[in-house]
Each structure stands twice: as C-alpha cells, then as structure tokens.
Amino acid sequence: MSKTKKLVCVVDDDQSVRRGLGRLFKSAGYTAETFASAEDYLAREIFEGPICLVLDVRMPGVNGPDLQEVLESRGACEQIVFITGHADVPTCTKAMKNGAVDFLLKPFDDGELIEAVKRALERGEEQLRKRRGRREARGLINKLTPREFDVFRFVILGLLNKQIAAELHTAEKTIKVHRGRVMQKLRVTSVPDLVRISQRAGVAPGRNPG
Amino acid sequence: MKTLATPLGLAGLGSRSRTERSDAQFFHRRVGGIALCVFVGYYLGAKVGFALTFRPHPVSVLWPPNAILLAALLLTPVRVWWVILLAAFPAHLAAQLQSNVPPTMIFCWFISNSLEALMGAGCVRYLIDRPVRFDRLGNVGIFVFFAAFLAPFLSSFVDAAFVALNQWGQDSYWQVWRVRFTSNVLAALTLVPLIVTWSADGIGWLGKIRRARFVEAALLLVGLLSVNTIVFYKLGPTADSALLCLPLPFLIWAAVRFGSRGASAAICTFTFLAIWSAGHGYGPFSTRSAEENALSIQMFLIVMSVPLLLLAAVIEERSKGATTLREREERISLAAESANLAFWSINFERKESWMSDKGRAIFNFGPDEPLSRELFLSRVHPEDRNTVDEAIERARPESQTFEIEYRLLRPDGDIRWLISRGRYGHDDRGGVSELIGVAIDITAQVKADLELRLQREEMARMSRVSSMGELTASLAHELNQPLTAIASNVAAGRRFLAQRSPDLAMFKELLDDVAADARRAGDIIHGIHHFVRKSEGVRRAVNLNEIIREVLRLLHSDLLGRGTAIETQLAPSLPSVDANAVQLQQVLLNLLMNSLEAMQATPAAKRRVVISTTCEANSSVTVGVRDYGSGLPKEDLDKVFTHFYSTKPNGMGMGLTVVRSIIEAHGGKLRAENVDVGARFFFTLPVTRKSETREVA
Chain A
1 MSKTKKLVCV VDDDQSVRRG LGRLFKSAGY TAETFASAED YLAREIFEGP
51 ICLVLDVRMP GVNGPDLQEV LESRGACEQI VFITGHADVP TCTKAMKNGA
101 VDFLLKPFDD GELIEAVKRA LERGEEQLRK RRGRREARGL INKLTPREFD
151 VFRFVILGLL NKQIAAELHT AEKTIKVHRG RVMQKLRVTS VPDLVRISQR
201 AGVAPGRNPG
Chain B
211 MKTLATPLGL AGLGSRSRTE RSDAQFFHRR VGGIALCVFV GYYLGAKVGF
261 ALTFRPHPVS VLWPPNAILL AALLLTPVRV WWVILLAAFP AHLAAQLQSN
311 VPPTMIFCWF ISNSLEALMG AGCVRYLIDR PVRFDRLGNV GIFVFFAAFL
361 APFLSSFVDA AFVALNQWGQ DSYWQVWRVR FTSNVLAALT LVPLIVTWSA
411 DGIGWLGKIR RARFVEAALL LVGLLSVNTI VFYKLGPTAD SALLCLPLPF
461 LIWAAVRFGS RGASAAICTF TFLAIWSAGH GYGPFSTRSA EENALSIQMF
511 LIVMSVPLLL LAAVIEERSK GATTLREREE RISLAAESAN LAFWSINFER
561 KESWMSDKGR AIFNFGPDEP LSRELFLSRV HPEDRNTVDE AIERARPESQ
611 TFEIEYRLLR PDGDIRWLIS RGRYGHDDRG GVSELIGVAI DITAQVKADL
661 ELRLQREEMA RMSRVSSMGE LTASLAHELN QPLTAIASNV AAGRRFLAQR
711 SPDLAMFKEL LDDVAADARR AGDIIHGIHH FVRKSEGVRR AVNLNEIIRE
761 VLRLLHSDLL GRGTAIETQL APSLPSVDAN AVQLQQVLLN LLMNSLEAMQ
811 ATPAAKRRVV ISTTCEANSS VTVGVRDYGS GLPKEDLDKV FTHFYSTKPN
861 GMGMGLTVVR SIIEAHGGKL RAENVDVGAR FFFTLPVTRK SETREVA
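As they're listed, the protein sequences go chains A and B.
Using the working numbering, you'd call the opening residue of the first sequence number 1 and step up by one each time.
Using the working numbering, you'd call the opening residue of the second sequence number 211 and step up by one each time.
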C-alpha cells in the first residue's frame, strides 16, 4: 500500500449491504467507513487524502446523484462508484458525465468492484497531487509584489528585459532587478522552471487584461 | 281582362294559407279594387254577350257575365264573396236596363245567375283543397262537371221558371232552359279557364320566358287566326264540314306547348272568331235559322274545348311531374355523392340494370357493364361472399329489406367496407321483378374505429403488462439487497481466508450476516403473497367467461401478429367467482403469453391455444389454457412454479410465481400438465357463496 492514507466510504440505506461491503473493502486492505444516508456522509469532516465513495443510487432522502452534485459544488475530490439494483440509462449516463468512475449493477462481481475502487483511488490520488502542486506554486507566487508579478508574466511570455521595460515604461535596469527577485522568491534558476511554476499555478502569461 | 284579373289572382293564391292578419289587410286594401273589377268585368261581359247575339234570335250564344262572376268567386276567399255579388248587382242592373227588361225580371235573372256562380264555385272550392288551377286532370274534371255543366244545368231550371213566372218572351219553358244552359256552359268553358289561369300567377312569369317561346306563341297566334279566318269567314256556307277540323292542330299545339294558359287563350280566340263570323253570316254556321246555328256552334265549341282543357292539364301535370322527378333525382345524386352512396337497381323483366356513377366507382364496374348478382358477388371479399349471398337470398321471398355489412375486394387489392340495403320488388303475380338497393362506403369510419379500438386496447394491455412488470421490478429490487450483501460477504470471506491469520470472531459475524441475508431473501419471495395482497383492489362476483373475453380482446393484436388461432370452449352458464377482476386478467394474460411463447417453434399453421371453462358440482370453476407447443420439460414439471424457474432466455422466472400467488390468494389452485401435444395450465377457483360476504384475504 502506498504511504498516503486512503479511504473507501460506503453510502447505502441497506444495513446488510453496508456491512457486507465494509467487510469486503477491509479484506481488500482498504480503510472503509459506512454511512446509512447521504446526509450522514455530508456530516463527516472533510478527509484530506484520496477518497472513493461507493454510492447507492436509490436512497430515501438525498439520493446518490443528488449527493454527487452537492459534492461537486463543494469542490471536494471524492471519486464516486455508483451501485444500484435498478439501472436506467438516463441516470447512468448523467452520473458518468458528471465524473463517476463506474456504475455497477447489484449484485456485482467483487473483483469488478474492487477494481473500480482501485481506479477511483488512483484517480483521486492523482488529482490530489495536482492540487497540492498548484497550492505550492500559488503560495510562492503570492509572495511576489504586484510589480514583480507583472514582470514574471512578461518573462514567461518569452520577452527580453528591454521589451518588458518598454511595456512597463521603465528602465531596463529596473526590470533586471525585478527579474532577479522573482527568480529568488520562486526558488528557480532558469526561465523554463519559471514557466513550469506558472503552469502548475495556472497563471496565464502576458499583460494583465485589467 | 288582365286588369281585372291580377288583383283577384293574388288574392286567390293566398286564400287558404294567409294568416288572419293578412286576410284583414287583404280585405281592406283589395276589396274596393275587387268590387270595381267585378263591376266593370260584369258590365263589359254583358255588353259582349249582347254583341254575340244571332239576330233576330234574342238569346246570346255566349253569355260572359256569369262566367266572369264564377271566375271571380273561384279566385277570392269565401268571406269576400258577398262583396263580389254586391258589385255585380249594379253592373247587372246597368246592362239589363238598357235592353228594356222589366226590373222584376232583371232581379230574378240576377238571382239565378248568382245561384249558378255560387253553386259552381262552391262545389269546386269544396272539392279542390287548394288555389284553383287548371294544371291537373282532376281539377279540370271537377271544374268541367260541377261548375261548367252541373251548375248551369240546375240553375237553368230556376231561370226558366223565373221567365215563365214573369211571362217574359214567347219561348216555352224548355226552350228557355235549353238556350240558357248551352250558352252558360260555353261561357264557363271558354272564359273561366282563361281568367283563372292568366290572373292566378300575375304577370311576373312573362319576364322569365325565353324569346323563342314568344316567337313560337306569335307563330301559333298567326296560324290560329289565319286558319280560323279561312274556316269561319272565307269558306262559303256549303264548304265541306270536315274543314272545321282545320284549327284543331293549332289548338292542340297550344295545349301541348303552352299548357292550360295556351289552351284557354286559344279556345277563347277560336270561340269568339267562330261566333262572330257566324253571327255576321259567314262560315259553316250561317246556313240555318239563327237558333239552330247558335245551338250547333255551341255544341261544336263545347265538344272542342273540353278535351283540349283536359289535354292541357295532362300535359302540364306530366311536365311538372318530370321537373319534380328531375329535381328529386338531382337531389338524390347530390346526396349520394356527398355521402359516398351507391344507388343501383336490377330489373329482371326488362333485363336492365342501373347504378349511379359513384357506385360504379366504388365497385369498380365499367360504365356500361350490365349488373347482376353474380358480378356483384365477384367483387365481395371471398370471406364475406357467403354471408352476403345468404342475406340477399333470405330477403327474396318477402319484400323485406336486407342490410349487410361486408368488405369489397377490388381488383387492385384495395379492401373497402360497405353497408348495403336492398329489397326485391315483386310484380302483380308475386314473382320477383327487380332488385333495388343502396350501398354506403364506410371504409373511412371503419378504419378510424378500428384504429381507435386498437389504440385503446393497446393502452389497456400496456397498463396490465406494466403493472405486472412493476410488481416484478419491485420484487427484483427487494431481492437485490440481500443478494448483494451475501455476495460481498462471501467475497470478503474468501479474501480473509487467503490472508495469513483470519480473524475468527469476525468470520463468525460474517457468516451470521450471510445466513441472515439468505433468510431475508427467502422472506421476500414468500412475501410475493404480501405483494399480491398489497396490489389487490376490491373483490366482487365476476364471471370468468367475461374476463376471458376481455383478455382476448386485449390480446387481439398480439394474437393476430403471431398468427395464432384462439379457440374458446366456455361453459354456457358459469357461476360467478369472488375475485379481483384485474388480477385474474393478469393471470390469464400471463398464461396466454406463456402459451404463445411456448409455441414460437411451432409452425404458424399449428399454433393454437384452447381456453376452456368448466364448472364442477357448482362449487368451483376451472379455467384451462392449453397450447400446442413443445410442452414442459418432464423432469421440471414440478419446478415450473418454483421461484425463478424459467426456460426462457430472458425470463425472470417471476410470471408463474405471481400467477400462483394470485390464484392461491383467491383460495384456488394452479396446476400444469403435459398433454399429447403441448402443455395445459389450469386453475380452479371456488364459486361465490351467497352466505359468505367476503373471503378474508
């Protein structure tokens, strides 16, 4: 198992199903938690690591697809595997479009379910890694002064100091100083590294449209 | 004469139909005019009468005043007759006083003349229940006999008696009678039809006449005048009397081409010319004494005019009849076209047949193709041919109408639905003379009805099937939960076993869960009974035969599509059973669908389902559904009703389970058996017992 902590959460209104599935995931080496309803799950504190939600479609109260939408709007990184005893095409299509990892029909093959959960966790891990990278890069970039940020954006556009000085109506020398500070603050030594950080943080190169 | 006639004619027309109010208006506005017209007409008529006297004989050959009085009475309502008589009296007085007749005689004559006119008009008005016209044979007959003959005949006795009492003139009683009688008859025949026909309808019709008719009328007048002039004026007294017939063709021409108007006008012209010529000593009627001349010319003219008047009436009646007939035919053919009607007739005696154009189009007959029962039957759909033939044959002995609904199979393969009504016509000897009828094309209605029925049945069928489907889907969902739990637990157990040190306590827990879920699954299946009861509505006494018929109606299109013959052997008087009709429909629907599916491998010609009902000892009713399919697998016979048993690739194995649950909930039994070919499912339900209010479900 990888070093990061992973979690499988089962949300199903049927107790037998919850217990059976909880046991199955434990036997496969996952940490599993079970919830009797969508509301119960939402009440749980947000988990930081990769998380796979095994979600029943038909439940009293907030049903599976509803919970999917709520989580989407919350910006969480849960990966969802739907399970249902009664599949209909529109529900399935909608769930998959909204980013579900799989949609399984009860009763399902345990191998299939474990496989889907594994895929979901991998996807979740990947997403988390990306998110962490962006957070780091943004943290560094936030330390820049507004002037340095402007210079940074022209640099990653590939402009020379002279050109940047013309754009910002200042001396080439000043730009050179700013550039040195940007490299220092972002802890890089080359322009390609600067470009990589900007990509990770999602900063667009060029003039600030405002 | 026209100025006199028009106001009178309009009044006469409305005499029977107008309301009291318009009668009153008529009375006030017209009465003065009428009185004036009668006065002038009577006076002038008397003058003309005096002019038409053969000197030295003092009696007029034709005495118009009486005829004018009669015509006025015929044209006016009875309630104004007294006005007419009152108006005629001064005219009578004025005319007669000029000829030195004593006042008593004048008064007596007026009485006899009025009597004659009243008698004639009264009889005619009594016998003809409508405005008097000369366009019907019957009307002319009544007029000629009662008004022109009988009234003068009777009144002349009175008249002659008055003459004798007053000792006026030298003639004997019978001479007076005879002279007055013939003179009045001729006047009535000559003048009354002329006045009545020309005044009754006003002059509006003249404007609608084509120019050719005017030319023809002018030619006729010229011809009549010239021939009359030649015969009565130019010919010497010794000429051949056969020449008197010369005007006859012109008179007939007038009658045939111009009806009663033409005939009366021609007769009048002819009469006046003949009398005038004879009175002036010309022509064939001037050879003997004045009295003899008068008599013979009167006889000649009377004999000529009666047949002409009758002929004109016949002609007019025929032409009116032809017009009415043509109008009616046009109306009928219009109705026929708009209603998709086909009229037809076959006359066996004349070997003639006729069919409307629309009919020929419907039946696809050629325009001149002779019709026959065989030809007609050849167009009828082969499946309906016998029924139609029998229906026609049945109607043959009595002349009762047959009505049949059948299909036509046209050469182009098009099928049309028709309703035919027809009747055999019989001749005097009781033999069959003709076959007439009408056919209506109802294809559009039938198609619409059929479509509507199919739609309705499909909807009903869908709702039955879907309620069954919903039941099984709901069951499937319920069952999925414990099955999923069991499968997960088992898979988890297997994985734990593969690991080094399985946790035994947890294992025990796991197995307990599996056992509990298995029990739960079993409970759900047993709970189908519960489901059935949950979806159960009100029970009532139902007749299984009716339920079977209803289900067959629902399945009709399915059965057609599968080409399966359905045979019913239903017990005629079946006691009712206490049941939920919808559930029993589901049972039958299920069993029937089962049978149909069992025969998918059977050749279409041998696909057959027999549904039977029997009643045992009035205590239970058995319904059997037998198919001619592959039968049930022998070793599985007892498994058919166990849960989730299915031989069908997509079968859920739920249908028969539900069926059995329903039957058992109704206190009945469901069984299956293999017969020589195929399988038979049958269920038995107890009959309704009167003492039992409701079976406890």
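Every residue, glycine too, gets a C-beta built ideally from N, C-alpha and C.
Since the structure is predicted, the reported quantities are computational estimates derived from the model, not experimental observations.
Considering only C-alpha positions, which residue in the set the options is nearest to residue i?
i	options	result
B/Leu-461	B/Tyr-492, B/Leu-518 and B/His-490	B/Leu-518
B/Ala-702	A/Ser-16, A/Leu-113, A/Asp-14 and A/Ser-27	A/Ser-27
A/Ala-295	A/Gln-68, A/Thr-174, A/Gly-158 and A/Gly-49	Not covered by the structure: residue 295 of chain A. The range shown for chain A is 1 to 210.
B/Leu-272	B/Met-509, B/Arg-633 and B/Pro-692	B/Met-509
B/Trp-554	B/Asp-713, B/Ser-496, B/Ser-582 and B/Thr-534	B/Ser-582
B/Asp-837	B/Arg-604, B/Ala-889 and B/Ser-698	B/Ala-889
B/Glu-615	B/Val-386, B/Thr-597 and B/Ala-256	B/Thr-597
B/Ser-451	B/Ala-410, B/Ala-475, B/Arg-467 and B/Ser-506	B/Ser-506
B/Thr-653	B/Leu-714, B/Ile-629, B/Gly-414 and B/Asp-637	B/Ile-629
B/Met-716	A/Arg-123, A/Lys-5, A/Gly-22 and A/Val-8	A/Gly-22
B/Gln-306	B/Ser-588, B/Gly-255 and B/Phe-356	B/Gly-255
B/Arg-560	B/His-302, B/Glu-502, B/Asp-637 and B/Ser-487	B/Asp-637
B/Glu-603	B/Glu-584, B/Pro-592 and B/Pro-621	B/Glu-584
B/Thr-824	B/Pro-843, B/Ala-815 and B/Ile-758	B/Ile-758
Can you give me the Cβ contacts of residue i inside the same chain, cut-off strictly under 8 Å, excluding the 5 residues immediately before and after it?
i	result
A/His-213	Residue coverage of chain A in this structure runs from 1 to 210, which leaves residue 213 of chain A outside it and unanswerable.
B/Leu-689	Ala-731, Ile-734 and Ile-735
Hey, would you say residue i sits closer than 8 Å to residue j, going by beta carbons?
i	j	result
B/Ala-549	B/Met-565	no
B/Leu-618	B/Val-590	yes
B/Asn-394	B/Pro-362	yes
B/Leu-456	B/Val-441	yes
A/Ile-156	A/Leu-194	yes
B/Glu-527	B/Asp-651	no
B/Val-642	B/Phe-586	no
B/Val-792	B/Val-752	no
B/Ile-294	B/Leu-283	yes
A/Glu-172	A/Phe-154	no
B/Thr-812	B/Phe-892	no
B/Gly-433	B/Ile-525	no
A/Gln-127	A/Asn-98	no
B/Arg-390	B/Glu-426	no
B/Thr-400	B/Cys-333	no
B/Gln-691	A/Gly-85	yes
With a CB to CB cut of under 6 Å and the five nearest residues on each side skipped, what residues in its chain are close to residue i?
i	result
A/Leu-71	Glu-78
B/Glu-613	Arg-631
A/Arg-196	none
B/Gly-472	Ala-464
B/Thr-903	Residue placement at B/Thr-903 is poorly supported in this model, since its pLDDT is 41, which falls under 50; the coordinates are not used for a value here.
B/Pro-896	Ser-830 and Gly-877
B/Trp-378	Met-315
Do residue i and the ligand NAP come close, with the Cβ less than 7 Å from some heavy atom?
i	result
B/Ala-427	Although the ligand NAP was asked about, the structure shown includes no ligands whatsoever.
Would residue i count as contacting chain E if we go by Cβ distances under 8 Å?
i	result
A/Ser-37	Annotation note: the requested chain E is absent from the structure, which comprises protein chains A and B.
Sufficient close CB pairs (3 or more, under 8 Å) joining the stretch 429–437 of chain B to the stretch 509–518 of chain B: no
Touch test, the stretch 330–343 of chain B against the stretch 252–260 of chain B, Cβ-Cβ under 8 Å, three pairs minimum: no
Inter-stretch contact at 8 Å, needing at least 3 Cβ pairs: the stretch 812–829 of chain B / the stretch 772–787 of chain B: yes
Stretch pair the stretch 791–807 of chain B + the stretch 717–735 of chain B: three plus CB contacts closer than 8 Å: no
Meets three-Cβ-pair contact criterion under 8 Å: the stretch 694–713 of chain B and the stretch 20–39 of chain A: yes
Residues within the stretch 4–18 of chain A neighbouring chain B, beta-carbon criterion of under 8 Å: Asp-14, Ser-16 and Val-17
Interfacial residues, the stretch 698–711 of chain B to chain A, with Cβ spacing under 7 Å: Ser-698, Asn-699, Ala-701, Ala-702, Arg-705 and Phe-706
Chain-ordered residues of the stretch 87–117 of chain A with a beta carbon less than 9 Å from chain B: Leu-105, Lys-106, Pro-107, Phe-108, Asp-109, Asp-110, Gly-111, Leu-113 and Ile-114
Members of the stretch 720–738 of chain B near chain A, C-beta cut-off 9 Å: Leu-720, Asp-723, Val-724, Ala-726, Asp-727 and Arg-730
Three CB pairs or more closer than 8 Å across the stretch 93–107 of chain A and the stretch 30–40 of chain A: no
Contact list for the stretch 69–88 of chain A against chain B, Cβ threshold 7 Å: Gly-85 and His-86
Three CB pairs or more closer than 8 Å across the stretch 404–411 of chain B and the stretch 377–391 of chain B: no
The stretch 10–19 of chain A / the stretch 53–61 of chain A touching (three or more Cβ pairs under 8 Å): yes
Meets three-Cβ-pair contact criterion under 8 Å: the stretch 75–90 of chain A and the stretch 44–51 of chain A: yes
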